[in-house]
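Colleague:
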Amino acid sequence: MPTFVSLINWTDQGVRQSKESLDRAKAAGELAERMGGSLKDVYWTVGPYDIVSVAEFPDDESGTAFLLAIAGQGNIRTTTLRAFDADEMRGILGKLG
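In the numbering used here, the protein residues as written are 1443 to 1539.
#1: Cα separation between Thr1506 and Glu1475?
#2: In the DSSP assignment, the alpha helix (DSSP H) including Leu1510 goes from what residue to what residue?
#3: Ala1511 to Asp1501, Cα distance in whole Å?
#4: Would you mind reading off the limits of the alpha helix (DSSP H) that contains Glu1475?
#5: My assumption, with CB atoms under 8 Å, is that Leu1523 sits in contact with Val1447. Please give the rounded CB distance.
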């Protein structure tokens, strides 16, 4: 399944409601499952990003829909990276000829 690494920042609203962050993460995990994916890891961080998450979805469209749904709640903004494991990278490199 495609893997997505998200670098997440709280919005002003998200900071004001930071005490609800664990509940929001749990709800996000449940939404990911309903969309056929999995929120594998969530880390609250110190530095330029407030949260880093790793998720898997059956396709890019499902992963994007998930991110739009959670960002649409107004608590976070995301920068998301499509990640490739070693087997996927092997396939990519194999296409180089």
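Beta carbons: idealized from backbone N, C-alpha and C, even for Gly.
Everything numeric in this text was worked out from a predicted model, so none of it was measured.
Modeller: Reading from the atomic positions:
#1: Those two C-alpha atoms are separated by around 14 Å.
#2: Asp1502 to Ala1513
#3: 16 Å
#4: Ser1463 to Arg1476
#5: 5 Å
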